[in-house]
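Each remark here refers to the structure printed beneath this line.
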Amino acid sequence: MTKWFNIPMELRYRTIDGLAIRVAETPPRGEQALLLSPWPESVLAFQPVWACLCEDVQLTAIDLPGFGRSERRPSLLTPEAMAEFIIRVIDAMGLDNPHAVGPGSGTAALLLAAARHPGRLRSLVISGMSPRRRELDELFTGSRDDGHISDSRHFLDRMLSLIERYELPPEIRDDYQCSYEGVRFVDSLRYMRSYHAEVTVLRDLLAEVSTPVRIIAGRRDPFAPPEDAELLAASLPDGDLTVLDAGHFVWEDAADEYGELVSSFWRKLRHPICGGER
67 MTKWFNIPME
77 LRYRTIDGLA
87 IRVAETPPRG
97 EQALLLSPWP
107 ESVLAFQPVW
117 ACLCEDVQLT
127 AIDLPGFGRS
137 ERRPSLLTPE
147 AMAEFIIRVI
157 DAMGLDNPHA
167 VGPGSGTAAL
177 LLAAARHPGR
187 LRSLVISGMS
197 PRRRELDELF
207 TGSRDDGHIS
217 DSRHFLDRML
227 SLIERYELPP
237 EIRDDYQCSY
247 EGVRFVDSLR
257 YMRSYHAEVT
267 VLRDLLAEVS
277 TPVRIIAGRR
287 DPFAPPEDAE
297 LLAASLPDGD
307 LTVLDAGHFV
317 WEDAADEYGE
327 LVSSFWRKLR
337 HPICGGER
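Residue numbers (our numbering): 67 to 344.
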């Protein structure tokens, strides 16, 4: 058991599809939820909301292959491939129709998984994704795909500087930095670039996502501004949107509000007749 600032997160590795995948879990309790760590962070990004979310729900958080501390496989570094891996995770972990939370890099893969595999996910909570293709050349300046990085830590620091209010603990920052050193950083960039190349495919599938979706957007998110979140919500058959006073890292900068929005969404689905929002 590893404790992060008095929040018990049991971190261990599970072999899934032949890969060592880092997992954080809570004991069995009622419904289940699968949490996918955001880029360029790790499962420890959920530390600020962990206690809130695990009150009534069994949590399983993972670092997807090539992200956080999980083992990588180049063939999985696209949202389409990662969507299929998510279904394999659900089967391997024995999860039964779990809720799913996938901020940032997990969003496209979750939407694809929901579209391709109806009924496997109870609900989705997503953020930080635009249904329009955006060029990220400026963001990725200084990186090359041949395995040579001008300064991966500098790039990570640039990304994490977008955290506005949350004071990132040194131990967690170290975990993020170790997660994206060397070729792992290059691989994560390949995924993010393919993410935007697949936007057209995903956009055509949004109408097929029957799963309830809650979008939590940051008002100052430079990668997925509120107008893009509005477009995404309007494209989903059962999507709703809340915009919080935060930037991209809304799950950390507005952790209390984020956690309550996720929990209230789950309660609403659990008790649809009497609402559940409180």
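Note that CB positions come from ideal geometry on N, CA and C, so glycine has one too.
Check                                                                                                          : Outcome
Inter-residue Cα distance where the pair is D212 and R135                                                      : Summary for D212: the model assigns pLDDT 44, below 50, so the residue's position carries little reliability; its value from the coordinates is reported in the next sentence. Computed Cα separation, rounded: 21 Å.
Inter-residue Cα distance where the pair is R250 and L110                                                      : 18 Å
The region 314-327 contacting the region 226-236, beta-carbon criterion three pairs below 8 Å                  : yes
Per DSSP, the bridge partner or partners of V328                                                               : BP columns for V328 are empty, so no partner.
First and last residue of the uninterrupted alpha helix (DSSP H) at I229                                       : No alpha helix (DSSP H) contains I229, which DSSP labels as neither H nor E.
Spatial neighbours of G96 in its chain, beta-carbon cut-off 8 Å, leaving aside the 5 residues before and after : D122, V123, Q124
C-alpha gap between A320 and V191, whole angstroms                                                             : 15 Å
Buried/exposed call for D294, threshold 16 Cβ in 10 Å                                                          : buried
Close Cβ partners of I153 (< 7 Å) along its chain, the five nearest in sequence each way excluded              : A179, H183, R186
Test: G325 CB closer than 8 Å to a CB of chain D                                                               : Protein chain content of the structure displayed is limited to a single chain, and chain D is not contained in it.
Three-way DSSP call (helix, strand, coil) for M159 in this model                                               : coil
6 Å CB neighbourhood of P345 in its chain, flanking five on each side removed                                  : The first residue shown for the chain is 67 and the last is 344, placing residue 345 beyond what the model contains.
Element boundaries [alpha helix (DSSP H), containing A117]                                                     : 113-119
Separation of Q98 from R336, as counted between CA atoms                                                       : 12 Å
Pick from W332, G284, E150, S189 that is closest to A175, judged by C-alpha positions                          : E150
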